[in-house]
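Undergrad:
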Amino acid sequence: MNPIGKRYHPPGTPPGTLMPAEPAASLRITLVDYSESTFEERELSDPAEADAYLSSPTTTWIHIQGNPGTERLQAFGDLFGLHPLALEDVMNVGQRPKVDRYDGQLFAVLARPWFDGDDVAIEQVSIFYGRGFIVSFDTGDNDPFKPVRRRLQHSRGRIRTRSADYLLYTLFDFVIDTGFPLLDDLGDRVDELESDVLEQPRAAAAREIHRLRRHLLLLRRMLWPQREAVNNLLRDGDDIIHEETRPYIRDCYDHTIQIMELIEVYRDMASSILEVHLSAVNNRLSEVMRVLTVIATIFIPLTFIAGVYGMNFHHPGSPWAMPELYWYYGYPVVLLTMLFVAGGLLLYFWRKGWLSRVQ
Amino acid sequence: MNPIGKRYHPPGTPPGTLMPAEPAASLRITLVDYSESTFEERELSDPAEADAYLSSPTTTWIHIQGNPGTERLQAFGDLFGLHPLALEDVMNVGQRPKVDRYDGQLFAVLARPWFDGDDVAIEQVSIFYGRGFIVSFDTGDNDPFKPVRRRLQHSRGRIRTRSADYLLYTLFDFVIDTGFPLLDDLGDRVDELESDVLEQPRAAAAREIHRLRRHLLLLRRMLWPQREAVNNLLRDGDDIIHEETRPYIRDCYDHTIQIMELIEVYRDMASSILEVHLSAVNNRLSEVMRVLTVIATIFIPLTFIAGVYGMNFHHPGSPWAMPELYWYYGYPVVLLTMLFVAGGLLLYFWRKGWLSRVQ
Amino acid sequence: MNPIGKRYHPPGTPPGTLMPAEPAASLRITLVDYSESTFEERELSDPAEADAYLSSPTTTWIHIQGNPGTERLQAFGDLFGLHPLALEDVMNVGQRPKVDRYDGQLFAVLARPWFDGDDVAIEQVSIFYGRGFIVSFDTGDNDPFKPVRRRLQHSRGRIRTRSADYLLYTLFDFVIDTGFPLLDDLGDRVDELESDVLEQPRAAAAREIHRLRRHLLLLRRMLWPQREAVNNLLRDGDDIIHEETRPYIRDCYDHTIQIMELIEVYRDMASSILEVHLSAVNNRLSEVMRVLTVIATIFIPLTFIAGVYGMNFHHPGSPWAMPELYWYYGYPVVLLTMLFVAGGLLLYFWRKGWLSRVQ
Amino acid sequence: MNPIGKRYHPPGTPPGTLMPAEPAASLRITLVDYSESTFEERELSDPAEADAYLSSPTTTWIHIQGNPGTERLQAFGDLFGLHPLALEDVMNVGQRPKVDRYDGQLFAVLARPWFDGDDVAIEQVSIFYGRGFIVSFDTGDNDPFKPVRRRLQHSRGRIRTRSADYLLYTLFDFVIDTGFPLLDDLGDRVDELESDVLEQPRAAAAREIHRLRRHLLLLRRMLWPQREAVNNLLRDGDDIIHEETRPYIRDCYDHTIQIMELIEVYRDMASSILEVHLSAVNNRLSEVMRVLTVIATIFIPLTFIAGVYGMNFHHPGSPWAMPELYWYYGYPVVLLTMLFVAGGLLLYFWRKGWLSRVQ
Amino acid sequence: MNPIGKRYHPPGTPPGTLMPAEPAASLRITLVDYSESTFEERELSDPAEADAYLSSPTTTWIHIQGNPGTERLQAFGDLFGLHPLALEDVMNVGQRPKVDRYDGQLFAVLARPWFDGDDVAIEQVSIFYGRGFIVSFDTGDNDPFKPVRRRLQHSRGRIRTRSADYLLYTLFDFVIDTGFPLLDDLGDRVDELESDVLEQPRAAAAREIHRLRRHLLLLRRMLWPQREAVNNLLRDGDDIIHEETRPYIRDCYDHTIQIMELIEVYRDMASSILEVHLSAVNNRLSEVMRVLTVIATIFIPLTFIAGVYGMNFHHPGSPWAMPELYWYYGYPVVLLTMLFVAGGLLLYFWRKGWLSRVQ
């Protein structure tokens with residue numbers, strides 16, 4: 001699998017072909033049927049059981065959690081008259097978020113991000129919306145929509161008094177808002193990295209910044225088209241979304257923009273932190289080299305002088321054979337010479353400002 | 001809280017839900033009611049007290065400073081017929097600036113930046129505007145709009161002679177212009193950093209540039225949408241903004257553009273300063289290494305020569321046992337050799353241009 | 001040939017001139033003629049043999065694999081009434097993908113990428129589409145469209161029941177989807193490079209990242225215009241593409257966008273990996289220098305001290321001639337002095353944090 | 001003042017308020033009144049003197065050089081019916097170039113760049129244009145428009161035969177074209193920097209490139225909106241600009257684009273030069289280190305060997321007490337060993353290619 | 001002259017002023033007059049000679065090679081009724097490519113790039129197009145349009161059977177296609193640089209990449225507007241370009257896009273190559289430092305030990321005066337100690353992976 005996790009058909013496969021796939025072990029199909037005054041919730045084992053609810057004037061919402069397998073998916077497709085290309089997109093997970101329209105029906109793909117351990121994972125949420133019904137698919141192991149069913153059951157907020165498009169909005173809103181706690185978490189990491197790097201350079205910082213940027217890259221790729229998808233709902237001139245639901249969708253659209261802005265801000269901050277880190281590593285290197293240079297440069301000439309007077313030239317009769325060695329004040333004179341050399345070099349370094357730390 | 005300071009609902013909360021919140025201790029509700037000839041200002045403790053002013057033909061402006069708490073906010077919402085989504089945005093501070101319309105009403109969110117110590121902080125200003133009334137909220141501790149009330153009271157400028165949309169403009173203009181002194185201050189920091197870095201490299205410069213860029217990033221995120229929000233007022237085909245107020249809004253729009261341009265210029269300058277800084281650190285390192293290399297490279301061979309003649313080979317009968325040590329001119333010859341080696345190396349370095357400082 | 005592989009006419013050549021060219025040795029011309037109930041497939045050696053199929057109401061698809069040579073190309077051009085500029089584009093391979101219209105005919109150029117050993121190679125697929133016929137050219141050695149002919153033969157999917165525009169879509173879809181396995185492969189390389197670089201710095205990493213980026217650059221250049229070309233099919237107001245084929249083309253368009261997004265994500269990741277690599281190389285250098293500095297700085301002064309007492313000053317009568325050498329405790333005092341110096345420097349380095357590894 | 005030089009009102013000041021300001025010492029007001037056959041030029045000391053010229057059918061152009069002070073500005077505003085917001089913009093210098101319209105009048109702000117010593121300075125030129133009159137303000141010390149008045153006086157070109165909009169064009173053209181010699185000068189600096197950096201690295205280059213970029217940044221900020229302002233004149237559907245003047249304005253628009261392109265090209269070149277400079281500094285460091293390494297690495301082992309045989313082990317009876325020292329060929333053997341070690345290391349470096357200079 | 005080579009008027013010059021200029025020594029004026037059946041070609045020395053051809057129904061093309069000088073240019077302007085601003089643009093070479101319209105006439109500026117030795121040079125081609133005539137100017141020394149005249153003469157292709165707009169297209173196509181061989185050459189340089197840099201780092205690479213980027217920058221600046229200019233011909237609703245010529249212009253437009261894409265690809269590749277180069281230089285430095293560190297770090301402690309035992313402490317009666325020197329196994333013990341130290345350090349470096357080369 002590629003790092004992006006997109007599943008695709010081998011080139012040349014006829015469009016709308018459903019690759020044979022076994023249903024997931026954790027597959028659960030939940031049907032909810034409600035109107036302002038009624039509410040019914042049941043598990044389905046067979047798509048055909050949903051047939052009876054279709055003709056009723058109530059709103060019917062079937063949620064399929066986990067891979068339904070080719071056969072069941074096809075059965076749903078036949079029951080609700082879903083387009084084969086849309087069914088193919090439900091199977092080939094990793095689609096980019098979008099909203100398509102097929103003869104009065106609406107097919108949406110959304111991305112639900114979550115932290116799988118330390119990695120960002122994306123589940124695909126596919127939603128079919130038609131007159132009086134919604135069929136939704138989620139590729140994850142656990143059903144994220146339980147809270148929505150509880151709200152329906154207890155009729156909290158306006159949800160039961162509105163038509164099916166409000167439920168559609170509720171699902172969109174729910175999926176999109178899962179981005180906020182995730183970004184909160186990433187924001188904390190940005191903060192931590194920032195204070196780490198500002199305090200002292202750590203070699204691992206570059207790696208951690210890279211990991212963060214990878215998360216942000218993946219999120220941006222999957223969440224950016226969500227903005228367009230929600231906008232697609234708004235732009236529409238047809239009557240799928242009622243006038244009184246539109247402000248809610250607009251609110252939802254605002255959220256997609258806020259999420260994108262957070263991602264961009266984090267990306268910019270990650271880049272800036274990386275630059276601070278690199279600059280700190282550079283400074284540290286510069287500091288290390290300065291200390292080495294000051295100490296080495298002072299002692300290297302002194303050691304040379306000591307080396308000279310450690311030579312064993314010896315010619316009793318020659319006045320040139322290291323006569324200094326036999327002077328009365330030879331040793332202190334050499335020591336003083338060394339002191340002068342060291343002092344001169346120190347003065348030179350002090351003038352260059354190499355003795356005080358670069359701050 | 002994330003570094004951006006956005007408050008949000010847990011995913012799945014019904015839209016328009018107001019999270020229970022206590023009113024701020026510093027809560028103050030100020031009502032101003034005025035016409036060209038009248039002016040009244042009073043503190044409100046109960047939203048219901050505003051009811052009487054609503055039916056009058058005068059312009060009524062209620063300003064709520066600090067978090068009003070869930071109950072009072074709901075009371076205002078009921079009194080003025082405010083949309084629940086808008087009320088939710090008033091509570092969930094950290095919204096991006098925007099202008100929304102709900103049946104003839106207008107709801108605006110603006111960002112008021114200020115320096116909280118050394119950090120840039122953003123207060124959210126929320127404004128409802130309807131026929132003859134304005135309700136404004138500010139999340140800060142101190143009321144920034146006092147000067148506007150004084151202008152109303154003393155009828156300075158055109159403010160009392162115009163209708164409520166001119167007051168709306170005044171509040172927009174006021175909030176937007178708070179960006180200028182802030183950017184002035186940031187501009188001073190850019191200037192300081194620049195002259196610091198141009199004079200001599202300091203290790204802390206990278207950190208300070210990062211801090212500056214973080215401020216600019218935050219400001220850009222919050223102030224950029226303000227441009228769009230003000231433009232939204234202008235583009236509008238309806239009659240909320242009167243024709244004679246439009247040049248003022250256009251002026252306001254110019255200010256938002258100027259602010260964004262300043263932010264962009266400062267960002268570009270910060271990047272350029274960082275590059276100069278990194279280049280200076282690099283140069284310094286290069287300079288340090290050059291000095292080390294010149295001195296080490298000259299003395300290392302000399303020390304080796306001295307070392308050779310410090311060896312203790314001794315075989316009285318062998319003509320190979322360091323005979324140089326016993327030559328008449330042995331010592332001066334070695335010293336001269338050393339001088340030649342040093343001179344040769346100096347010549348080599350001089351030719352390479354390593355003896356003159358890199359400027 | 002330039003690195004991009006574009007063939008062009010010398011400036012000043014009359015437009016529509018076909019440069020004389022020999023047909024490829026591997027040239028194969030395959031004709032397929034089908035309706036819902038009939039299917040015929042044959043090899044052609046002479047363009048004129050296609051004439052009989054043109055007047056029939058069935059759909060005729062002629063595929064020319066390999067360079068047909070100037071004469072045969074011209075013969076096809078005359079037979080189907082193809083525009084000279086389009087014929088020129090068929091010969092001058094390396095065209096950017098596009099869709100042009102000439103009086104009811106449609107001419108498309110697509111890019112089919114594949115791995116030629118380790119390099120990305122692009123074959124040009126040129127497609128003419130008119131009433132009831134499709135003529136396609138592919139510059140490669142092997143016919144990629146065999147699977148499509150098998151689908152036609154066995155009437156898998158909807159392909160035989162639809163008109164020629166569906167075949168056009170099938171060819172587009174086929175060519176575009178060849179990008180996915182290629183990008184999968186590049187994605188694997190990105191992953192490998194990433195884990196390599198995160199584990200330990202390798203000097204070759206920069207070169208490999210460059211090679212990857214070069215592939216991505218080439219792919220982006222050739223695949224980006226494909227998006228526009230497919231969109232061109234959709235935007236069209238005429239009746240070339242039937243209403244029921246449009247959702248399929250839209251699906252195809254989605255694929256082009258997904259491919260571009262993958263390319264962009266890989267480019268961003270390659271840049272980020274390069275930064276991690278450079279930072280790792282930098283850290284390694286810093287680490288190496290730190291070890292050198294600590295060891296050199298400690299031993300250089302000690303060696304100097306040892307050198308001093310290795311000097312041979314000797315004046316029996318002078319109290320200044322290295323009297324330390326003759327003290328009772330001279331040697332241990334010097335050793336202790338060295339220990340103190342070493343200890344002091346170690347303390348200094350420990351305080352600076354240079355003894356613990358930068359992590 | 002911020003580095004951008006924008007003057008603004010404290011937030012909360014009523015719009016259109018003119019901050020009290022003294023007129024500049026160098027203030028000069030010049031009135032020119034002309035038709036195809038007449039020409040009059042005079043200095044004004046009092047705005048009221050202009051009154052008589054307003055009613056005449058001739059074109060009247062009043063130019064105010066230097067800050068006119070609050071009172072005189074207000075007097076002009078009253079005389080010509082200028083909008084208070086426009087007057088405020090005349091006072092608050094540092095406005096971004098723009099063209100505004102107020103009831104048939106047109107108000108333009110342009111930026112006139114010049115070199116103030118080594119710095120780029122921007123003067124604000126404000127122009128009011130109405131039926132038959134033009135009022136222009138320039139914030140500089142010296143009147144730049146003298147050549148225009150001379151052209152009017154001597155009726156060079158078409159200027160006197162056309163109506164006031166042609167004069168407006170002339171002023172625009174004049175102000176915009178002041179950018180060319182300035183950019184010429186900056187282009188020379190780019191060229192100089194380039195040949196400097198290509199010849200040999202200088203530490204100051206980074207600073208100079210930064211200064212250049214700062215100039216370009218400032219110019220871009222002020223000149224970019226000028227493009228939009230000129231385009232605003234063209235887009236206009238009203239009759240302010242006559243049909244025969246439009247080609248001239250279009251020419252003027254071309255100039256603004258050329259100026260922006262020059263700025264962008266210089267910015268790109270400055271970045272590229274900086275990269276060359278950094279690479280050269282890096283190379284120099286690498287070269288320095290290579291020399292140090294080669295020399296140090298060769299002599300350090302040799303010095304160690306010499307050090308070993310400088311040790312004073314002495315035990316007359318022990319065969320282990322440095323017997324080499326007493327061998328017949330001890331000394332030449334050690335010298336040969338040293339030669340071999342040095343030769344081996346040289347061979348190693350030669351193989352690594354460290355002996356030849358990196359070119 | 002600035003690095004871009006733009007000539008401009010001093011600010012304040014009346015528009016349409018032709019700066020006095022002498023005609024070029026190499027000036028050549030060539031007239032071609034043709035219809036489907038006739039063809040005449042002659043040299044002109046005086047613009048007035050062209051008068052006779054104007055009234056004929058044949059197509060007349062006058063090409064002026066080299067600077068015509070002010071007088072002749074004005075004479076052509078009067079003869080064909082050319083707009084003064086367009087004439088000014090013909091003189092002030094270095095204009096950006098564009099297409100302007102003046103009352104049914106069309107004025108085009110194109111850029112013809114060529115290699116002047118190692119530098120990219122741009123000649124300006126100016127074309128006036130009116131009913132039945134074309135006047136073209138080229139600033140170079142040699143006439144590039146000879147091949148076009150030969151095509152006209154020998155009636156190759158469609159050129160003589162079409163009206164003047166086809167000749168206009170031919171000139172556009174010719175000038176634009178001169179970009180291809182140039183970019184081919186630059187592509188070869190990119191390839192060379194790439195393989196150079198991938199093989200081994202050369203200090204000059206950065207300089208060469210800079211030179212390449214400078215060429216590309218210049219080409220981009222001059223060729224980018226050409227795209228817009230050609231598109232301008234296409235967008236036009238008027239009847240200047242006939243319907244059957246439009247596919248040819250579209251083909252020409254495709255070429256401008258291909259040229260821009262090549263330039264962008266080369267720019268991206270140059271940047272990527274520079275990064276590889278910098279990384280290689282860095283790696284080399286790292287490698288050099290590693291070798292220095294390993295050798296220096298091993299021998300520095302050993303040399304210190306040797307130095308210690310080279311000290312001359314001597315006190316016959318003291319047991320503390322370097323008794324090791326007089327041990328029976330003193331020397332071999334010290335040698336073994338040295339071996340252990342060296343071995344320990346080697347082990348340490350081996351564990352750190354510093355002994356194997358960074359690949």
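From first to last, the protein sequence lines are chains A, B, C, D and E.
All residue numbers for the first sequence refer to full-length UniProt numbering, where the first residue is 1 and numbers rise by one.
All residue numbers for the second sequence refer to full-length UniProt numbering, where the first residue is 1 and numbers rise by one.
All residue numbers for the third sequence refer to full-length UniProt numbering, where the first residue is 1 and numbers rise by one.
All residue numbers for the fourth sequence refer to full-length UniProt numbering, where the first residue is 1 and numbers rise by one.
All residue numbers for the fifth sequence refer to full-length UniProt numbering, where the first residue is 1 and numbers rise by one.
Backbone N, C-alpha and C fix where the C-beta goes; we use that ideal spot for every residue, glycine too.
Taking just the CA atoms, how far does T17 of chain C sit from R160 of chain E?
TA: 16 Å
Undergrad: Any idea what DSSP makes of T178 of chain C, helix, strand or coil?
TA: coil
Undergrad: Taking the continuous alpha helix (DSSP H) assigned at S136 of chain A, which residues delimit it?
TA: Per DSSP, S136 of chain A belongs to no alpha helix (DSSP H); it is in the beta strand (DSSP E), F133 to D138.
Undergrad: Cβ of F145 of chain C within 8 Å of Cβ of H63 of chain C?
TA: yes
Undergrad: Is the beta carbon of I249 of chain B sitting closer than 8 Å to the one on L233 of chain B?
TA: yes
Undergrad: With a cut-off of 8 Å, does the C-beta of N2 of chain A fall near any C-beta of chain C?
TA: Residue placement at N2 of chain A cannot be trusted, given a pLDDT of 44 that sits under 50; the coordinates are not used to answer.
Undergrad: Would residue 362 of chain E count as contacting chain C if we go by Cβ distances under 8 Å?
TA: For residue 362 of chain E there is no data in the structure shown, the boundaries of chain E being 1 and 359.
Undergrad: Pull the bridge partners of A111 of chain D from the DSSP assignment, please.
TA: D:Q124
Undergrad: Under a CB-based cut-off of 8 Å, is M269 of chain E close to chain D?
TA: no
Undergrad: Tell me which same chain residues have a C-beta within less than 8 Å of the C-beta of G140 of chain D, skipping the five on either side of it?
TA: Counting only Cβ-Cβ distances below 8 Å, and skipping sequence neighbours, we find Q65, G66, R112, W114 and E123.
Undergrad: For the alpha helix (DSSP H) holding V148 of chain B, just list the boundary residues, first then last.
TA: K146 to H154
Undergrad: Comparing alpha-carbon positions, which option in B:V135, B:N92, B:R156 and B:K98 lies nearest I29 of chain B?
TA: B:V135
Undergrad: Check the Cβ-Cβ distances between E123 of chain D and every residue of chain E, and say whether any is below 8 Å.
TA: No - not a single Cβ of chain E is within 8 Å of the one on E123 of chain D.
Undergrad: With H, G and I counted as helix, E and B as strand and the rest as coil, what does DSSP make of W350 of chain E?
TA: Collapsing the DSSP output to three states places W350 of chain E in a helix.
Undergrad: Pull out every residue of the region 135-161 of chain B whose Cβ sits closer than 7 Å to any Cβ of chain A, in chain order.
TA: none
Undergrad: Below 7 Å on C-beta distance, what does F313 of chain D contact in chain E?
TA: In chain order: Y309, L325, G330 and Y331.
Undergrad: Mind pulling the chain D residues with CB within less than 8 Å of T337 of chain E?
TA: Going along chain D, no residue has its Cβ under 8 Å from T337 of chain E, so there is no contact; the nearest lies around 12 Å.
Undergrad: According to DSSP, is Y328 of chain B part of a helix, a strand, or is it coil?
TA: Coil, per DSSP.
Undergrad: Figure out for me which residue from B:D116, B:Y102, B:G117 and B:K98 has the closest Cα to the Cα of A108 of chain B.
TA: B:K98
Undergrad: The beta strand (DSSP E) that contains V99 of chain E, what's its start and end?
TA: K98 to Y102
Undergrad: What would DSSP say about L18 of chain C, mapped onto helix, strand or coil?
TA: L18 of chain C: coil per DSSP, three-state reduction.
Undergrad: Here's a check: name, in chain order, each residue in its chain whose Cβ is nearer than 8 Å to the Cβ of V197 of chain D, leaving out the five neighbours to either side.
TA: A205, I273, V276, H277 and A280
Undergrad: DSSP state of V93 of chain C, grouped into three classes?
TA: Note: V93 of chain C maps to coil in three-state DSSP.
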